[in-house]
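Numbering (the working numbering), first residue to last: 10 to 370. Don't be surprised by glycine CBs; every beta carbon is placed ideally from N, CA and C.
Written as structure tokens, this is what we have:
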């Protein structure tokens, strides 16, 4: 039986097993629907109260020898079947605890590890009980092997198993809501005892849902333990005064004047200015999505402006372009006419071939 802040109330201790179980389950449902924070004192008070009630249930179940390891599911009485959930409730309730009042000397991480240890003990015992009485489904065993034992490595298979698991969980929750509504309607309609078949179906559906819930909680506990064990080592090292293992020293680099044109390394190999080492692999990686040709770095206009600024293009010294002669320009027209007349007179005065003596003196 787990340790809590106080023993169960005397009034509750004298109640029958079924009444104590119902009070604990109602308190658990209240915590599940509560809007209070987990660390709220009122929330933690209800958590401890529920743990006390289920601890009492567990003690009575063992005292009365309600279950036998030789029994299968069909051999268990419907009225007793619900008590298989006691360890599941205790495990989920311990997971909601934020402190362990019985151990005030432990460090925060060690305190949480103690809580997780109690949680894991109840959750594993619940799964073992379900396995003993053949309640666990084959798909739940496969999911346990994947999440807790890590036997499934293939990513696609893991994803498909999780998808199927979530679909099955939604179906179970929907069935549970329908059965709960039927049970409430039947209890309202008649004051006699409820239908045993309906009651058994409701309990088995609840067990089926809690098997999946417990596997997820165990995975959460497993992951949290890894982190807390590392934190516990750091706290232990800090307590022993070994600061070197708990603190990362931050060293500020000495200020250096950066000289872009100067050498990067000194003669003794000491760096004189910041630099970046790029391997051939990194350079090739950066060129993966680049085209095979060199991309232009400037426009044609920018190139010409730069060339003119460098003096590579000469301006001036050439004849200005001739203006086209129009009919309205009389001066230009007369000049063109006189030029044509003079050329005609020259050709008449100098016949074609005149003056050509065939290289004779």
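Buried or exposed (CB count within 10 angstroms, at least 16 for buried), residue i
{"i": "residue 105", "result": "buried"}
{"i": "residue 155", "result": "buried"}
{"i": "residue 174", "result": "buried"}
{"i": "residue 273", "result": "exposed"}
{"i": "residue 312", "result": "exposed"}
{"i": "residue 65", "result": "buried"}
{"i": "residue 226", "result": "buried"}
{"i": "residue 40", "result": "buried"}
{"i": "residue 258", "result": "Low local confidence applies: a pLDDT of 44 at residue 258 is under 50, so the model's placement there is unreliable, and no value is given."}
{"i": "residue 127", "result": "buried"}
{"i": "residue 297", "result": "exposed"}
{"i": "residue 2", "result": "This structure gives no information on residue 2, because the portion of the chain shown stretches from 10 to 370."}
{"i": "residue 6", "result": "This structure cannot settle anything about residue 6, because the visible part of the chain is limited to 10 through 370."}
{"i": "residue 362", "result": "exposed"}
{"i": "residue 254", "result": "Low per-residue confidence applies at residue 254: pLDDT is 48, beneath 50, and the placement is therefore not dependable enough to give any value."}
{"i": "residue 294", "result": "exposed"}
{"i": "residue 359", "result": "exposed"}
Proximity below 8 Å, CB of residue i to CB of residue j
{"i": "residue 30", "j": "residue 91", "result": "yes"}
{"i": "residue 216", "j": "residue 144", "result": "yes"}
{"i": "residue 52", "j": "residue 45", "result": "yes"}
{"i": "residue 100", "j": "residue 135", "result": "yes"}
{"i": "residue 223", "j": "residue 102", "result": "no"}
{"i": "residue 208", "j": "residue 87", "result": "yes"}
{"i": "residue 182", "j": "residue 218", "result": "yes"}
{"i": "residue 96", "j": "residue 138", "result": "yes"}
{"i": "residue 220", "j": "residue 149", "result": "yes"}
{"i": "residue 243", "j": "residue 214", "result": "no"}
{"i": "residue 142", "j": "residue 73", "result": "no"}
{"i": "residue 161", "j": "residue 168", "result": "no"}
{"i": "residue 122", "j": "residue 42", "result": "no"}
Proximity winner among the options, relative to residue i (alpha-carbon distances)
{"i": "residue 152", "options": "243, 178, 131", "result": "178"}
{"i": "residue 76", "options": "352, 94, 214", "result": "94"}
{"i": "residue 232", "options": "277, 193, 159", "result": "159"}
{"i": "residue 107", "options": "57, 168, 359", "result": "57"}
{"i": "residue 25", "options": "50, 54, 67", "result": "67"}
{"i": "residue 98", "options": "83, 35, 22, 315", "result": "35"}
{"i": "residue 307", "options": "42, 347, 316, 163", "result": "316"}
{"i": "residue 89", "options": "245, 346, 28", "result": "28"}
{"i": "residue 80", "options": "140, 130, 23", "result": "140"}
{"i": "residue 283", "options": "275, 290, 344", "result": "275"}
Supposed close pair residue i, residue j - CB separation, criterion 8 Å
{"i": "residue 59", "j": "residue 33", "result": "5 Å"}
{"i": "residue 228", "j": "residue 157", "result": "6 Å"}
CB contact below 8 Å: residue i versus chain B
{"i": "residue 318", "result": "Protein chains in the displayed structure number just one, and chain B is not present."}
Residue i beta carbon near the ligand GDP (any heavy atom closer than 7 Å)
{"i": "residue 59", "result": "As for the ligand GDP, it is missing from this structure, which has no ligand bound."}
- Query: Do three or more CB pairs link the stretch 233 to 246 to the stretch 114 to 130 at distances below 8 Å?
  - Reply: yes
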